[in-house]
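For the record, in the sequence shown the residue sitting at position 72 is 354 according to the numbering used here, with numbers rising by one throughout.
See below for the structure under consideration.
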Amino acid sequence: MSLAKEIQKRRTFGIISHPDAGKTTLTEKLLLFGGAIQTAGAVKSNKIKKGATSDFMEIERQRGISVATSVMGFKYRGRKINILDTPGHKDFAEDTYRTLTAVDSAIVVIDVAKGVEEQTEKLVSVCKMRKTPIIVFVNKLDREGKDAMELLDEIEGKLELNVVPLSWPIGMGQRFQGVYNIYEQKLVLFRPHGKQNESEETIEFDNLDDPDLEKYVGEEAAAELREEVEMVTTVYPDFDQDAYMRGEINPVFFGSAINNFGVKEMLDCFVDIAPNPLPRPTEERMVKPTEDQFAGFVFKIHANMDPKHRDRIAFMRVCSGKFERNTNYLHVRQERKMKFANPTSFMASKKSVIDEAFPGDVVGLYDSGNFKIGDTLTGGEVLHFKGIPSFSPEQFRYVDNADPLKQKQMVKGLAQLMDEGVAQLFTRQSNNRRIIGTVGALQFDVIQYRLKHEYGASVTFEPLNLHKACWVTAEDDKKLQEFLKRRRADLAKDLAGNWVYLAQSAYALQMVRDAHPGVEFHFTSEF
Ligand code: G4P
Numbered sequence: 283m284s285l286a287k288e289i290q291k292r293r294t295f296g297i298i299s300h301p302d303a304g305k306t307t308l309t310e311k312l313l314l315f316g317g318a319i320q321t322a323g324a325v326k327s328n329k330i331k332k333g334a335t336s337d338f339m340e341i342e343r344q345r346g347i348s349v350a351t352s353v354m355g356f357k358y359r360g361r362k363i364n365i366l367d368t369p370g371h372k373d374f375a376e377d378t379y380r381t382l383t384a385v386d387s388a389i390v391v392i393d394v395a396k397g398v399e400e401q402t403e404k405l406v407s408v409c410k411m412r413k414t415p416i417i418v419f420v421n422k423l424d425r426e427g428k429d430a431m432e433l434l435d436e437i438e439g440k441l442e443l444n445v446v447p448l449s450w451p452i453g454m455g456q457r458f459q460g461v462y463n464i465y466e467q468k469l470v471l472f473r474p475h476g477k478q479n480e481s482e483e484t485i486e487f488d489n490l491d492d493p494d495l496e497k498y499v500g501e502e503a504a505a506e507l508r509e510e511v512e513m514v515t516t517v518y519p520d521f522d523q524d525a526y527m528r529g530e531i532n533p534v535f536f537g538s539a540i541n542n543f544g545v546k547e548m549l550d551c552f553v554d555i556a557p558n559p560l561p562r563p564t565e566e567r568m569v570k571p572t573e574d575q576f577a578g579f580v581f582k583i584h585a586n587m588d589p590k591h592r593d594r595i596a597f598m599r600v601c602s603g604k605f606e607r608n609t610n611y612l613h614v615r616q617e618r619k620m621k622f623a624n625p626t627s628f629m630a631s632k633k634s635v636i637d638e639a640f641p642g643d644v645v646g647l648y649d650s651g652n653f654k655i656g657d658t659l660t661g662g663e664v665l666h667f668k669g670i671p672s673f674s675p676e677q678f679r680y681v682d683n684a685d686p687l688k689q690k691q692m693v694k695g696l697a698q699l700m701d702e703g704v705a706q707l708f709t710r711q712s713n714n715r716r717i718i719g720t721v722g723a724l725q726f727d728v729i730q731y732r733l734k735h736e737y738g739a740s741v742t743f744e745p746l747n748l749h750k751a752c753w754v755t756a757e758d759d760k761k762l763q764e765f766l767k768r769r770r771a772d773l774a775k776d777l778a779g780n781w782v783y784l785a786q787s788a789y790a791l792q793m794v795r796d797a798h799p800g801v802e803f804h805f806t807s808e809f
């Protein structure tokens, strides 16, 4: 099959939600449709359960599961669909942001009762930054929740999305009867507690004025549905494929993932409208998927849980050309050729060695410490993919070695954990002490635990009250030098040797910015 055809077939996306909205349940139902799994419950959630902040076994268990569920590929209606898993826990938000650099579109799950929640807002704003096309799935219609119209207003208001409902609920909770599929003009009736795939009955229904509607849903619901659909189709714009692709409008579906209701409607629409693998920017130029030369980037690194085997899996998204097993590729940062004897693909929770992969696919590469997040591999050209930043951390602790005999192990362990993107390491210039900066507090526990179990090193942490760490640059070197001289006490360097300003408070940061107009403060590492 030609490269162009392979690209046409592929849909690579992420499902994002606030924890508990139903992401795992929806993923599982999608996999059931694709035949990738046979029974419900086969995909275990990789979310860290509430209140498990210090439960290390839970962290380890989750890490094990999340290798298997990091990428789930399946085939559906002649398409190859790749779902990239995104952790819902807010302390792993950075992992999620990075994974979103590797998708071409996203599905946002919203709980009908809870509406738009905090994590939903953050994740959607990341997608919007990149203009990622987004479909909204409003879940748990089998429960009482917010009025559909109000919820759409909330989605528009809080998430700044422009919604276009492609289905509309008929009642909810106890009175939930199903949805009207506006996109395909079908009535889809809800049959609660049915068996897998038997929970809905679909009736072609292209005219809601047809008196048969009463027969199916009763008089009251029929009148309500007619009125609402008329309002919806007047108030909201028609679906426009190009506008969706540009990230300007957002189709909305309603359903109940646990009952496998409304999921197929969304999936069928998704495979029709969602983008194929899209071009991706590098510092040098745009890379189109149809180019002959292979190029890809690493967006996630997963360490082996077995301390005897220090190898890791680097997850690489193929962006252009064909990736082949046992072929020499350029590791751009290390300026050397590498080839891979056992690249793996992920179909549901099965891993298998592959001979080739195409744009949109995610390949697992066994790695003995050569990769860092953001690394580029190519057929020979020097390219650096953009958009895989580290974020300005917000929680800080000094890290000290607690076992003088294990200094080397500690240094190595810390470096490798930083490559995986677990946290960021800075060295304070005034006292040469190491500082770990993270987005969430859970990472400190993870670091301490993993250093001990994987590297035999012990560390202690000392609290450090800082507001933010931000990278500093200046066009005029004199201004930078002046800044560095005057703010020496609050300076650090990151692992790449970039200057970082450690702000004690939001106020201090503002004062310093005002005092040094020629100096730029960056809140992501990409500048
Ligand atoms: P997450 O990955 O977004 O965190 O959510 P997950 O799918 O784990 O779902 C969170 C909870 O919501 C689960 O219940 C799940 O069964 C339930 N749920 C998902 N979809 C629906 C739906 O359409 N209707 C209703 N009523 N509930 C739904 P739980 O009790 O937390 O876990 P479990 O014991 O059922 O696994």
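Ideal Cβ placement from N, Cα and C applies to all residues, glycine included.
Expected contact under 8 Å - CB spacing of residue i and residue j to nearest Å
i, j, result
"threonine 378", "proline 369", "6 Å"
"aspartate 701", "isoleucine 583", "6 Å"
"arginine 800", "lysine 761", "Per the sequence presented here, residue 800 reads as glycine, with arginine not at that position. Going by Cβ atoms, the distance from glycine 800 to lysine 761 rounds to 4 Å, so yes, they are a contact pair."
"alanine 705", "glutamine 691", "In fact, because the Cβ distance is near 18 Å, the residues do not count as touching under 8 Å."
"glycine 316", "lysine 357", "6 Å"
"phenylalanine 419", "valine 385", "Contact doesn't hold; Cβ gap of about 16 Å is too wide."
"lysine 291", "lysine 362", "5 Å"
"leucine 707", "leucine 777", "6 Å"
"isoleucine 464", "leucine 448", "5 Å"
Per-residue burial, residue i [other beta carbons within 10 Å of its own, 16 or more giving buried]
i, result
"asparagine 489", "exposed"
"arginine 779", "A quick correction: the sequence has glycine, not arginine, at residue 779. Result: exposed."
"tyrosine 241", "The shown model of the chain, from 283 to 809, leaves out residue 241, and the question about it has no answer."
"glutamine 478", "Here the model assigns glutamine 478 a pLDDT of 45, short of 50, so the residue's position is not dependable and the matter cannot be decided."
"glycine 333", "In this prediction, glycine 333 has a pLDDT of 42, which is less than 50 and means its spatial position is unreliable; what the coordinates show is noted afterwards. Counting Cβ neighbours within 10 Å, glycine 333 comes out exposed, since fewer than 16 surround it."
"lysine 331", "In this prediction, lysine 331 has a pLDDT of 45, which is less than 50 and means its spatial position is unreliable; nothing more can be read from the coordinates."
"lysine 329", "The predicted model places lysine 329 with a pLDDT of 46, which falls under 50 and marks its position as unreliable; any figure quoted below should be read in that light. Buried is the call here."
"glutamate 480", "With a pLDDT of only 46 at glutamate 480, under the threshold of 50, the placement of this residue in the model should not be trusted, and no figure is reported."
"glutamate 509", "exposed"
"tyrosine 462", "buried"
"glycine 719", "buried"
"asparagine 714", "exposed"
"lysine 546", "buried"
"tyrosine 789", "exposed"
"alanine 375", "buried"
"arginine 594", "buried"
"serine 336", "At serine 336, the pLDDT of 46 sits below 50, so the modelled position is not reliable; the number obtained from the coordinates is stated separately. It is exposed - the Cβ of serine 336 has fewer than 16 other Cβ atoms within 10 Å."
Test item: CB-CB of residue i and residue j under 8 Å
i, j, result
"glycine 272", "phenylalanine 535", "With the chain covering 283 to 809 only, the question about residue 272 has no answer from this structure."
"leucine 441", "valine 398", "yes"
"glutamine 677", "glycine 722", "yes"
"serine 387", "alanine 556", "yes"
"leucine 665", "valine 569", "yes"
"aspartate 643", "serine 627", "yes"
"asparagine 532", "valine 445", "yes"
"glycine 578", "phenylalanine 605", "yes"
"isoleucine 417", "isoleucine 389", "yes"
"isoleucine 670", "phenylalanine 581", "yes"
"glycine 455", "glutamate 426", "yes"
"phenylalanine 640", "isoleucine 289", "yes"
"glutamate 744", "aspartate 685", "no"
"serine 538", "leucine 433", "no"
"glycine 453", "aspartate 393", "no"
"glycine 603", "glutamate 573", "yes"
"serine 674", "lysine 621", "no"
"lysine 688", "glycine 529", "no"
"serine 672", "threonine 755", "no"
"lysine 668", "glutamate 808", "yes"
"valine 499", "leucine 507", "yes"
"proline 415", "methionine 283", "no"
"valine 782", "alanine 771", "no"
"leucine 560", "leucine 612", "no"
"asparagine 608", "lysine 619", "no"
"lysine 468", "isoleucine 485", "yes"
DSSP bridge partner residues for residue i (one or two, in chain order)
i, result
"asparagine 444", "The partner list for asparagine 444 (beta bridge, DSSP) is empty, contrary to what the question assumes."
"histidine 613", "Arg618 and Leu659"
"isoleucine 437", "None; isoleucine 437 has no bridge partner."
"alanine 577", "Ser602 and Thr660"
"alanine 756", "Val801"
"glutamate 483", "Leu471"
"serine 634", "Ser627"
"phenylalanine 597", "Lys582 and Gly646"
CB contact check: residue i to chain C, cutoff 8 Å
i, result
"phenylalanine 581", "Protein chains in the displayed structure number just one, and chain C is not present."
Stretch pair the stretch 788 to 807 + the stretch 724 to 738: three plus CB contacts closer than 8 Å: no
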